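A quick write-up on the structure given underneath.
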Amino acid sequence: MASIEVREDTCVGCGVCVPACPFGAISMEEGLAAIGDGCTLCGACESSCPYGAIIIRTEDAGKADIARYSGIMVLAEQRDGVVDHSTLELLGEATRLASADEGPVSVVLLTSDPMDWPARLISHGADVVYLGLDPALSHFRTEPFSKIAEKIIREKRPAVVLAAATTTGRDLMPRIAKNLNTGLTADCTELAIDPETGGLLQTRPAFGGNILATIVCSDTRPQMATVRPRVMKAMEPDAGRKGRVENLDLSPDDLVSRTEVLQWSPLEEGEVDITEAEVIVSGGRGVKSPENFSMLEELASLLDGSVGASRAAVDAGWIPYPHQVGQTGKTVQPKIYLACGISGAVQHRVGMQSADRILAVNKDESAPIFEFCDQGYVADLFEVIPLVIREVRRRRS
Amino acid sequence: MRIVVAVKQVPDTSEVRIDEERGTLIREGVPSILNPFDEYALEEAMRWRDELGGSVTVVTMGPPQAEAVLREAVSMGADDALLLSDRAFAGADTWATSHTLARAVVKMGDVDVVMTGKQAIDGDTAQTGPGIAASLDWPQITFVGRVRELTQDSITAERYVEGGCEVIRSSLPVVITVLKDANTPRLPSLRGKMKARKMEIPVWGMHDLGLSPDEVGLDGSPTRVVRIMTPETSACGEIHRGEPGELAKLIADYLLGKEGE
Ligand SMILES: Cc1cc2nc3c(=O)[nH]c(=O)nc-3n(C[C@H](O)[C@H](O)[C@H](O)COP(=O)(O)OP(=O)(O)OC[C@H]3O[C@@H](n4cnc5c(N)ncnc54)[C@H](O)[C@@H]3O)c2cc1C
Ligand SMILES: Nc1ncnc2c1ncn2[C@@H]1O[C@H](COP(=O)(O)O)[C@@H](O)[C@H]1O
Chain B
13 MASIEVREDT CVGCGVCVPA CPFGAISMEE GLAAIGDGCT LCGACESSCP
63 YGAIIIRTED AGKADIARYS GIMVLAEQRD GVVDHSTLEL LGEATRLASA
113 DEGPVSVVLL TSDPMDWPAR LISHGADVVY LGLDPALSHF RTEPFSKIAE
163 KIIREKRPAV VLAAATTTGR DLMPRIAKNL NTGLTADCTE LAIDPETGGL
213 LQTRPAFGGN ILATIVCSDT RPQMATVRPR VMKAMEPDAG RKGRVENLDL
263 SPDDLVSRTE VLQWSPLEEG EVDITEAEVI VSGGRGVKSP ENFSMLEELA
313 SLLDGSVGAS RAAVDAGWIP YPHQVGQTGK TVQPKIYLAC GISGAVQHRV
363 GMQSADRILA VNKDESAPIF EFCDQGYVAD LFEVIPLVIR EVRRRRS
Chain R
38 MRIVVAVKQV PDTSEVRIDE ERGTLIREGV PSILNPFDEY ALEEAMRWRD
88 ELGGSVTVVT MGPPQAEAVL REAVSMGADD ALLLSDRAFA GADTWATSHT
138 LARAVVKMGD VDVVMTGKQA IDGDTAQTGP GIAASLDWPQ ITFVGRVREL
188 TQDSITAERY VEGGCEVIRS SLPVVITVLK DANTPRLPSL RGKMKARKME
238 IPVWGMHDLG LSPDEVGLDG SPTRVVRIMT PETSACGEIH RGEPGELAKL
288 IADYLLGKEG E
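Just so you know, the protein sequences line up as chains B and R, in that order. The working numbering puts the first sequence at residues 13 to 409. The working numbering puts the second sequence at residues 38 to 298.
In structure tokens form, the structure reads like this:
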């Protein structure tokens with residue numbers, strides 16, 4: 013059984029580990045660190061100790077034969093045959109990581125209609141495209157997609173498997189990882205290869221974005237991660253890139269599913285998905301009423317953008333939940349995010365901090381949002397926003 | 038209809054503060070709460086129990102003090118509670134957590150539906166639900182915004198995904214993960230609170246579940262945290278003050294791309 017130990021001869025009682033513990037489980041007793049009941053063996057203290065005095069011991073369950081695994085495999089995501097942009101981002105990231113690894117960059121595309129995607133995936137960085145073609149694969153379904161992916165992973169033994177941290181990737185990957193008895197890191201925002209071990213360093217926000225944790229999967233393979241969309245960059249497509257397409261043999265058994273998709277209703281026109289918007293005008297508690305949100309809608313539509321909101325505005329019932337940005341809402345990455353009457357609480361911030369530009373209108377000079385926006389305007393939104401609308405109209409006409 | 042809801046005790050991350058100088062989390066005085074997302078799973082389970090009969094069992098894997106969230110769930114209307122607690126469970130990642138929870142579901146027997154929250158606010162992984170489904174080899178429906186219908190042998194649910202909504206039907210037994218959109222959780226009742234106070238909550242450990250040390254806790258976890266950092270706070274750009282009219286012009290400049298290109 014795993015255990016944690018403070019080496020009494022090495023611990024100097026400096027106390028660095030006490031605040032490092034996310035669970036508040038460490039106290040100083042008689043000049044030494046003492047580990048309390050709240051300990052979850054998360055390892056934060058072990059890495060914080062400047063003296064190496066805290067040691068977590070695990071029982072080695074026998075390592076997988078790591079040397080037999082190589083290359084990076086991306087699980088593609090498609091809807092109506094069109095491959096999602098996040099897949100191209102993963103291929104871009106995979107080619108960057110692959111320079112530290114000899115194995116191929118491969119992509120698994122399961123679809124009923126490949127269109128010209130196999131070639132395009134190659135031009136975006138894939139060396140091999142594993143293509144599974146069947147009418148039953150037109151729409152994502154957990155069971156056939158995970159069964160086929162598991163089979164190909166077992167056979168091809170990639171060292172790393174990546175999928176987007178979309179509702180599809182986050183449905184599929186935990187199932188595959190559990191069945192393959194390997195580790196999975198959710199919603200990564202940074203990936204790197206450890207130069208010493210060759211392992212994948214997977215970094216992700218946790219604790220509501222308060223911390224960034226780096227996670228490794230050292231003893232099992234493949235190392236699996238879902239990656240937050242719009243964080244990695246796709247490569248410039250190169251039509252001259254060489255690659256090959258391998259068709260998968262699918263058996264009827266692979267396609268069996270206990271769930272069926274009865275209906276698919278895309279969002280209606282106008283009901284824009286804020287995760288795809290290039291401009292977001294967002295409102296918080298400072299907007300004060302549902303009627304006032306129409307002002308933000310007006311500005312957003314002038315800019316071909318969408319309206320976002322803080323949880324405070326959603327909870328007040330001024331705007332429906334699909335507009336909520338943040339930890340319990342959506343993660344957005346527009347070119348411009350204009351926050352109106354939003355204080356910038358950490359749970360809101362984690363959903364919008366990867367916007368290219370953050371603009372904030374707030375009448376309170378000490379609002380936290382002014383600590384991380386690109387352009388801050390100390391003003392009453394009810395005075396400024398109508399003038400912005402007028403100004404934009406004037407210049408457009 | 039027997040529904041099991043997996044709930045988790047989490048630190049209230051909105052209360053976590055950062056020690057700017059040392060760049061560490063200040064955990065002192067941060068309360069432990071029932072994971073907010075799990076309230077929606079619990080409410081959904083109770084609504085269907087109220088309609089169809091049967092029972093709702095809440096289960097958590099955690100240290101002894103995690104019992105508090107089970108009592109909270111009972112005060113809201115859950116029928117039974119089960120605590121999975123063992124020193125050997127410490128340090129579990131989502132693989133080991135879902136493995137342990139799934140084993141408890143098997144041991145409970147005759148479970149029709151397992152419901153979990155969309156994600157836990159400490160780890161934010163959303164992996165435990167699908168992990169349980171994989172361990173049990175049950176179908177799963179994740180990100181459920183509405184359960185349309187639940188019968189003795191099937192479930193129809195709306196799955197909210199990027200760009201739209203899927204309506205999915207599955208046979209039972211099934212694992213579903215529930216979104217905030219599904220319902221409005223009820224508050225604890227007086228009767229529930231009394232029941233919660235008196236209830237004896239059984240505790241199952243590793244041996245009760247027939248698990249071995251290498252499949253639970255840290256030893257059973259393929260992943261390991263090697264480093265924790267606080268995100269750098271990117272310094273703010275410019276702050277503008279002045280006449281609303283002037284500020285509006287600056288904002289319009291920026292929005293229309295005259296600047297910052
Ligand atoms: C588990 C958990 C999850 C959460 N998830 C989310 C999430 O996903 N998204 C989210 O947003 N929040 C989330 N929160 C809530 C978050 O902690 C904050 O409470 C919330 O973001 C605050 O919203 P706000 O900025 O609109 O309101 P406030 O914090 O009340 O800020 C309102 C701001 O408006 C300014 N203001 C008022 N009037 C005017 C005016 N006339 N002109 C200009 N400025 C004005 C004020 O100065 C103030 O800064 C979560 C909390 C918890 C505990
Ligand atoms: N230790 C645990 N005990 C019981 N349920 C859990 C535990 N960890 C996670 N869950 C459930 O799984 C969901 C997703 O958690 P996570 O995968 O950690 O984001 C939570 O909302 C809970 O319903």
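Each residue gets a CB set at the ideal place from its N, CA and C atoms; glycine is no exception. Since the structure is predicted, the reported quantities are computational estimates derived from the model, not experimental observations.
Endpoints, the alpha helix (DSSP H) within which residue i is located
| i | result |
| --- | --- |
| residue 113/R | 104-113 |
| residue 277/R | Careful: residue 277/R lies outside any alpha helix (DSSP H), inside the beta strand (DSSP E) at 275-277. |
| residue 83/R | 73-89 |
| residue 19/B | Counting along the chain, residue 19/B falls outside any alpha helix (DSSP H), and DSSP gives it neither H nor E. |
| residue 147/R | Neither: residue 147/R is in no alpha helix (DSSP H) and is coded neither H nor E. |
| residue 107/B | 97-110 |
beta-carbon residue i near ligand 2 non-hydrogen atom, thresh 7 Å
| i | result |
| --- | --- |
| residue 260/R | no |
| residue 347/B | no |
| residue 180/R | no |
| residue 374/B | no |
| residue 79/R | no |
| residue 145/B | no |
| residue 190/B | no |
| residue 96/R | yes |
| residue 161/R | yes |
| residue 304/B | no |
| residue 44/R | yes |
Residue i CB to nearest heavy atom of ligand 1 below 7 Å
| i | result |
| --- | --- |
| residue 353/B | yes |
| residue 339/B | yes |
| residue 287/R | no |
| residue 50/R | yes |
| residue 199/B | no |
| residue 158/R | yes |
| residue 177/B | no |
8 Å Cβ cutoff, residue i in contact with chain B
| i | result |
| --- | --- |
| residue 277/R | yes |
| residue 163/R | yes |
| residue 70/R | no |
| residue 369/R | Because chain R spans 38 through 298 in this model, residue 369/R falls outside it and cannot be assessed. |
| residue 215/R | no |
| residue 152/R | no |
Residue i versus residue j - alpha carbon distance
| i | j | result |
| --- | --- | --- |
| residue 205/R | residue 184/B | 15 Å |
| residue 371/B | residue 363/B | 15 Å |
| residue 288/R | residue 72/R | 39 Å |
| residue 47/R | residue 131/R | 15 Å |
| residue 142/R | residue 67/R | 31 Å |
| residue 297/R | residue 109/B | Here the model assigns residue 297/R a pLDDT of 39, short of 50, so the residue's position is not dependable, and the following value carries that caveat. Distance between the alpha carbons of residue 297/R and residue 109/B is about 31 Å. |
| residue 232/R | residue 111/R | 7 Å |
| residue 228/R | residue 187/R | 27 Å |
| residue 44/R | residue 126/R | 16 Å |
| residue 75/R | residue 134/B | 42 Å |
| residue 188/B | residue 156/R | 18 Å |
| residue 171/B | residue 191/B | 16 Å |
8 Å Cβ cutoff, residue i in contact with chain R
| i | result |
| --- | --- |
| residue 59/B | yes |
| residue 275/B | yes |
| residue 54/B | yes |
| residue 45/B | no |
| residue 227/B | yes |
Residue i, enclosing beta strand (DSSP E) - first and last residue
| i | result |
| --- | --- |
| residue 276/B | 271-278 |
| residue 291/R | Not the beta strand (DSSP E): residue 291/R falls in the alpha helix (DSSP H), residues 281-292. |
| residue 197/B | 196-200 |
| residue 78/B | Neither: residue 78/B is in no beta strand (DSSP E) and is coded neither H nor E. |
Top-ranked residue by Cα proximity to residue i, from the options
| i | options | result |
| --- | --- | --- |
| residue 287/B | 381/B, 320/B, 252/B, 389/B | 320/B |
| residue 48/B | 119/B, 64/B, 29/B, 61/B | 29/B |
| residue 296/B | 188/B, 231/B, 359/B, 91/B | 359/B |
| residue 322/B | 31/B, 156/B, 338/B, 376/B | 338/B |
| residue 244/B | 290/B, 69/B, 105/B, 59/B | 105/B |
| residue 280/R | 175/B, 82/B, 389/B | 389/B |
| residue 124/B | 102/B, 118/B, 157/B | 157/B |
| residue 249/B | 332/B, 330/B, 131/B | 131/B |
| residue 141/B | 231/B, 182/B, 215/B, 253/B | 253/B |
Residue i at chain C interface by Cβ criterion, 8 Å
| i | result |
| --- | --- |
| residue 222/B | Note that chain C does not occur in the displayed structure, where the protein chains are B and R. |
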